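Have a look at the structure below before the remarks.
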Ligand SMILES: Nc1ncnc2c1ncn2[C@@H]1O[C@H](COP(=O)(O)OP(=O)(O)OP(=O)(O)O)[C@@H](O)[C@H]1O
Ligand SMILES: [Mg+2]
């Protein structure tokens, strides 16, 4: 029932349109059902000259037009009437289609927009763990299932109900016994369709899943084709694909076979019902119980109603799919939006930061303590370096600053304000982060850099210059208008990193975070970037995560993390005098690197 409510709510302000569409369907059905009645009048009243049974309305109409003798001479009137009725029926069918299509497209459009908007506002943690393929499927296929149900199937239910209702009324007026015979197998046909489609829904589902598996294999293969090539795994990949492809074929074949059984059995039942009506009508006509015209009406009606009845069973069985889809969509819409967990204040942020006993674990793995009792202070404008083994919690620590994740234990204070009280959007306007795995869009370099705001070219060049990428871009034929990605140039890892840096620093944040953002550039470029940053603005609080001692040795504070705990903290000179982790890393990254660094520094005049 809850799911019915969901469907009902999705219809939103289109309910009137749906109602009108169903009314138009009813009228079209009503008009189409008058044609056999005109034939009845033509046969009984005009040709045979008898009274017309149970058909007072049409008889009156013809009486008004001048009675049987007049109509015999002017039979064309009946022809015209049939044409007119068909035209009117066509007009109603047109409106039925138009209204239901308009309403359903609108529902689908609104639903897609609502979903997209909601997905945009879900938090970082949600997206980090979400299965993108599944999200895409819910925003497209599931919406499409609902659209189809509302636009085609729901109106079809209306048609079946009108068709059976009006036919039954007319037939009962004509002859009760024959009506019983005409209806004797219809409940079975309906129930058979319903049960059959309920049962084979499973095989539909299996085939859909098999198709999804096949596309996952293709998608993964294309994404990882470089790895496949590098490891010479083509044969294995082809075999894997062949197997999934074969499974898909088998499962689809099963669905088709199931459908073939259905059509043959249900056609058999239908034909039996039609034969029953034809034989009974002729028998009754012979006995003189009904007229020939009435027999024509019955035979005509049974042909018209049997198909919607079969469809009705199928649609009701299919209804389950639309309900499941609406539930899947609602699951996303029920996820809490980020603003709901946001703070309110928008203080001026200068950049002094304090971590007080911060402990943290990811929501999906609460037993794994990623950070334990982390405490440190940073003054405005200081540079803090974070080092530690992979997995020691460096990225997790800096993700807490722009509140990509929220902490449950401890406190993070920026300029005297607990960050949980600061509005998230505001915080993110003040804390710039270059993520460890930056993502660039398949658009121009210019648009990638001026991504958050519409920046002027001067600022873009300036940011690119600081990120040491301006000279690279200048060499491209189309400069900053060069497209990146599928349709454009392929950038090297270091070039990508530098564009990601330019994209962040262009915004003049008082707090900047570089999460391993210089790992793919050479030491000299690394030095040049850091120098340019320092010269540009003196009082930016900067976090640098790096595995390279030469990138961090001159920081105001170096934090050494191990298994989520601060093991050492201080300046380079203090730390290398202690026999600790930092000293060990320093020794391993031998003196040579350090020499290059000093050389570089001299060259850059630091
Ligand atoms: N989204 C996540 N959900 C659950 N656990 C996570 C998530 N991200 C990281 N972790 C876990 O948290 C721990 C710390 O990861 P983190 O990414 O902070 O390490 P790191 O120090 O940045 O490592 P690296 O130097 O490799 O970047 C790891 O054990 C990791 O498995
Ligand atoms: Mg990391």
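Residue numbers (my numbering): 4 to 609. Where a beta carbon is used, it is the ideal one built from N, C-alpha and C, also for glycine. From a predicted model like this one, the values you see are computed outputs, not experimental measurements.
In the structure shown, residue 293 adopts coil according to DSSP, grouped into three states. In the DSSP assignment, the residues bridged to residue 572 are 562.
In this structure, residue 24 and residue 167 do not form a Cβ contact; the two beta carbons are roughly 19 Å apart against a cut-off of 8 Å.
Under DSSP, residue 390 takes part in a beta bridge, and its partners are 563. When DSSP states are grouped into helix, strand and coil, residue 414 belongs to the strand group.
With three or more CB-CB distances shorter than 8 Å, the stretch 389–403 counts as touching the stretch 367–374. Distances between the C-beta of residue 18 and the heavy atoms of ligand 2 are all 6 Å or more. Residue pairing by DSSP puts residue 361 in a beta bridge opposite 377. The C-beta distance from residue 241 to residue 276 rounds to 52 Å, too long to fall under 8 Å, and the pair is not in contact. Counting C-beta atoms within 10 angstroms of its own C-beta, residue 440 has fewer than 16 neighbours from the protein chains shown and is therefore classed as exposed. In this structure the stretch 460–473 lies against the stretch 499–514, because at least three pairs of beta carbons, one per stretch, are closer than 8 Å. Per DSSP, reduced to three states, the secondary structure at residue 546 is strand. Distances from the CB of residue 522 to the heavy atoms of ligand 2 are all 6 Å or more. In the DSSP assignment, the residues bridged to residue 421 are 416. The beta carbon of residue 475 sits closer than 8 Å to the beta carbons of 498, 501 from its chain, once the five residues preceding and following it are set aside; these are given in chain order. Annotated three-state conformation of residue 446 is coil, per DSSP. Secondary-structure assignment with DSSP links residue 435 through a beta bridge to 515.
In the three-state reduction of the DSSP assignment, residue 492 falls in the strand class, which pools E and B.
When the Cα atoms are used, residue 584 and residue 548 turn out to be separated by approximately 16 Å. Residue 231 and residue 237 have their alpha carbons spaced roughly 6 Å apart. DSSP places residue 78 outside both helix and strand once states are collapsed to three, so it counts as coil.
Taking C-beta atoms as the reference points, residue 457 and residue 345 fail to come closer than 7 Å.
Judged by beta-carbon spacing, residue 141 lies within the 7 Å limit of residue 332, meaning their Cβ atoms are closer than that value. With a threshold of 6 Å, the Cβ atom of residue 373 counts as near ligand 1, since some heavy atom of the ligand is closer than that. In this structure the stretch 358–367 does not lie against the stretch 541–559, because fewer than three pairs of beta carbons, one per stretch, are closer than 8 Å.
Boundaries of the alpha helix (DSSP H) around residue 463: 460–469. The beta carbon of residue 388 sits closer than 6 Å to those of 547, 555, 558, 561, all from its chain and outside the five residues before and after it, given in chain order. Contact check for residue 320 against residue 197 passes: the beta carbons are separated by less than 7 Å. Segment contact: the stretch 24–42 against the stretch 351–360, fewer than three CB-CB distances shorter than 8 Å; contact not assigned. Per the coordinates, the alpha-carbon of residue 299 lies some 42 Å from the alpha-carbon of residue 10. DSSP links residue 356 through a beta bridge to 381, 417.
In this structure, residue 570 has its CB at a distance of at least 6 Å from all heavy atoms of ligand 1.
Note on residue 263: under 16 other CB atoms within 10 angstroms of its CB, so exposed under the neighbour-count rule. Here the alpha carbon of residue 303 sits roughly 6 Å from the alpha carbon of residue 39.
Minimum Cα-Cα distance from residue 190 among the listed residues 218, 145, 273 corresponds to 273.
The beta carbons of residue 122 and residue 138 sit about 7 Å from each other, so the pair counts as a contact at 8 Å.
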